[in-house]
Amino acid sequence: MLDLFGAPSGALGKFTHDPVTGALIPVVVEQSSRGERSFDIYSRLLRERIIFVTGEVEDHMASVIIAQLLFLESENPSKDIAMYINSPGGVVTAGMAIHDTMKYIRPKVSTICIGQACSMGSFLLAAGEPGQRMALPNARIMIHQPSGGARGMASDIEIQAREILRIRKRMNDLYVKYTGRELEEIERALDRDTFLEADEAQAFGLVDKVIESRPASDQTGVAEGSGASPDA
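What follows is the structure, given as structure tokens:
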């Protein structure tokens, strides 16, 4: 652990390394009656029931997110969870695993787009609790159909093509459910990359609200109004 600034306890003054990427992660140092305790920033925010979906959606990331969701349910099955999304998308099966866990657990999961929610990221954004799907004003959202590649014998390629079409149909049906749009409109929008600004995503039904700031009274990490195989 690196102490870069000599900051006082209770402040951000140390850093640790992400074991996967090697990136520096801030550490929060807190004083209690039992002494000094240190948390990496994401673990500290997890205590407040805040989860981050950042970067490419893939199996390792999905496993971490799913474990966090299940842990928070075990801690308190009736208290909401806030999921912040900043992702370019990724693998469909990994995203579907996160999606299904969001629906499986008892707590409501609000979703907030910061930066971007593209492809599978936009799918997870739309899958949040109705009325609790939000985007910051300069976020961008992109939707499109799943993509994939196949090689080998013609029969194998045909099997893979049928599977991609099946996945596309399933995702289209879920977008219909989450946006309230007609299937034909969803199919047109997902046929190619469709980029949306935050207010356009709200009009399309991917989010319920565009938020600029959180009320001073809100200490939950969830903004007012609240009650991620083929790639996508």
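Note that the sequence shown covers residues -9 to 222 in the numbering used here. Ideal Cβ positions, reconstructed from N, Cα and C, are used throughout, including at glycine. Computed from a predicted model, the values in this text were never measured in an experiment.
Apply the 10 Å Cβ neighbour rule to Glu245 and answer buried if 16 or more other Cβ atoms are within range, or exposed otherwise.
-> For residue 245 there is no data in the structure shown, the boundaries of the chain being -9 and 222.
Beta-bridge pairing of Phe185 - partner residues as DSSP gives them | According to DSSP, Phe185 bridges with Met132.
What do you get for His50, buried or exposed, if any count of 16 or more other CB atoms within 10 angstroms of its CB means buried?
-> Looking at its Cβ environment, which holds fewer than 16 other Cβ atoms inside 10 Å, His50 is exposed.
So, are the CB atoms of Asn66 and Thr44 less than 9 Å apart?
-> Not a contact, by the Cβ cut-off of 9 Å.
Return no unless some Cβ of chain C is closer than 9 Å to the Cβ of Pro205.
-> Any reference to chain C falls outside this structure, which holds one protein chain only.
Are the beta-carbon atoms of Thr184 and Ile133 separated by less than 9 Å?
-> At the C-beta level, Thr184 and Ile133 come within 9 Å of one another.
For Asp146, does the three-state DSSP call read helix, strand or coil?
-> The three-state reading of DSSP puts Asp146 in helix, counting H, G and I together.
Are the segment 155 to 172 and the segment 186 to 195 touching, with three or more C-beta to C-beta distances below 8 Å?
-> The answer is yes - the segment 186 to 195 touches the segment 155 to 172, with three or more Cβ pairs under 8 Å.
Assumed close pair Ala206, Pro127 - CB separation to whole angstroms, cut-off 8 Å = Actually they are not in contact, since the Cβ atoms of Ala206 and Pro127 sit about 19 Å apart, beyond 8 Å.
Three-state secondary structure assigned by DSSP to Arg56 = Before going on, a small fix: residue 56 reads as Ile here, not Arg. Reduced to three states, the DSSP call for Ile56 is helix.
State the start and end residues of the unbroken beta strand (DSSP E) segment that holds Ser109.
-> Unbroken run through Ser109: none, as it is neither H nor E.
Could you check the C-alpha separation between Pro97 and Ala57 for me, to the nearest Å?
-> Distance between the alpha carbons of Pro97 and Ala57: 14 Å.
Between which two residues does the alpha helix (DSSP H) harbouring Val47 extend?
-> No alpha helix (DSSP H) holds Val47; DSSP gives it neither H nor E.
Considering only residues of the same chain and omitting the five flanking positions on each side of Leu59, which have a CB-CB separation below 6 Å?
-> Annotation for Leu59: Thr91, Ile95 place their beta carbon closer than 6 Å to its own, counting only its chain and skipping 5 residues before and after.
Please check the pair Ile31 and Ile15, which I expect to be a contact at CB under 8 Å, by giving their CB distance rounded to whole angstroms.
-> Under the criterion of beta carbons closer than 8 Å, Ile31 and Ile15 qualify as touching, at roughly 6 Å.
Reduced DSSP category for Lys69 - H, G, I as helix; E, B as strand; rest coil = Here Lys69 sits in coil by DSSP.
Under the three-state DSSP convention, the category Ser203 falls into = DSSP, read as helix, strand or coil, puts Ser203 in coil.
Rounded Cβ spacing between Gly111 and Ala129 (contact assumed at less than 8 Å) | Between Gly111 and Ala129 the beta-carbon gap is near 10 Å, outside 8 Å, which marks them as no contact.
When burial is assigned at 16 or more other CB atoms within 10 Å of the CB, is Met143 buried or exposed?
-> Counting Cβ neighbours within 10 Å, Met143 comes out exposed, since fewer than 16 surround it.
Are the Cβ atoms of Pro136 and Arg171 separated by less than 9 Å?
-> No, the pair does not count as a contact, with Cβ atoms beyond the cut-off.
Around the C-beta of Gly25, are 16 or more other C-beta atoms found within 10 angstroms, so that it is buried, or is it exposed?
-> Exposed, because fewer than 16 other Cβ atoms sit within 10 Å of the Cβ of Gly25.
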